[in-house]
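Report on the following structure.
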Amino acid sequence: MDFVLLPTRALVDPAVGVTRAVSSRRWAWPLLLLIAATVFSGVAFALHYDPAPAVIRGLEMSGEIRNTTEKELADAITTAGRVKLVAGVANGLFLVPLYVLLFAVAVKVACWIVGRPIRFADAFTSASISQLPIALYQVLHGVVALASPSLGDSQEHTLLPSHLGRFLDGLSPELLRLASVADLFNLWAAILLGFGIAAGTGMKAWKGVAFALFLYLLFAGVFLVGLPSMALGTGGGPK
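Under my numbering, the first residue of the sequence shown carries the number 3, and numbering increases by one thereafter.
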């Protein structure tokens, strides 16, 4: 039962649960839960995904819609739906473990830079256990997707509101991206990571949490605000 109790304890009592997980190197179950939750979310979305609008829009933009027969259009729509399903499964099985691995490397490097080295096993465990709130988000996202009659591409990241920007009206694209930094599940994950860093480096808990929140702000500044703004400035649309 430890594989059930430990993630739950880490979510509701990180001071004890995360510390225990890091000290005993219990990274496998949190990682498997994240993979399973991500696969579930991807499959649930794909099952209710309607690719027709995106396929037709793509054909119209390329000018091929006039030369496309009804059968070819139907085949393209079917293929797009299958691609979405395969992508959802592949994201969970392959990209998630790679992301956690790179995340652990980043944690180890960051701790080394500030002079508080952490063993890679502890960094990997911290990275895995910190993703439990993200796993919870993926489960909730999948449940909402299953309850939705039809879904489009624009709903993939807006189906389950979790950050401040989704609750404020009239924000410009720039302010919306800035508000997206205040995301419940991401901040929750950062706090769990902080307790993991504290356990692995010997920092005080509050220092570990403060350091993890600082790392999250750096990450968010680059990937949630900076890069999307650059894409918008070079012709990309708002996310």
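Glycine is no exception: its CB is placed at the ideal position from the N, C-alpha and C atoms.
Query	Result
Close Cβ partners of Leu87 (< 7 Å) along its chain, the five nearest in sequence each way excluded	Val45 and Ala48
Under the three-state DSSP convention, the category Asp52 falls into	coil
Chain-order list of residues whose beta-carbon lies under 7 Å from that of Ser152 (same chain, five-residue window excluded)	His50 and Asp52
Minimum Cβ-Cβ distance from Trp208 to chain C less than 8 Å	The chain inventory of the structure shown lacks chain C, comprising one protein chain alone.
Between the CA atoms of Glu176 and Pro2 - distance to the nearest angstrom	Outside the shown range of the chain, which is 3 to 241, sits residue 2, and nothing can be said about it.
Rounded straight-line distance, which links the Cα of Thr71 to that of Val109	53 Å
Under the three-state DSSP convention, the category Leu153 falls into	strand
Beta-carbon proximity list for Tyr196, same chain, < 8 Å, skipping 5 on both sides	The sequence given here has Gly at residue 196, not Tyr. Result list for Gly196: Ala207, Gly210, Val211, Ala212, Phe213, Ala214 and Leu215, in chain order.
Ranges of the alpha helix (DSSP H) found wholly within the region 157 to 206, counting only runs of at least 4	175 to 181 and 186 to 203
Beta-carbon proximity check, Ser128 vs Val24, cutoff 8 Å	yes
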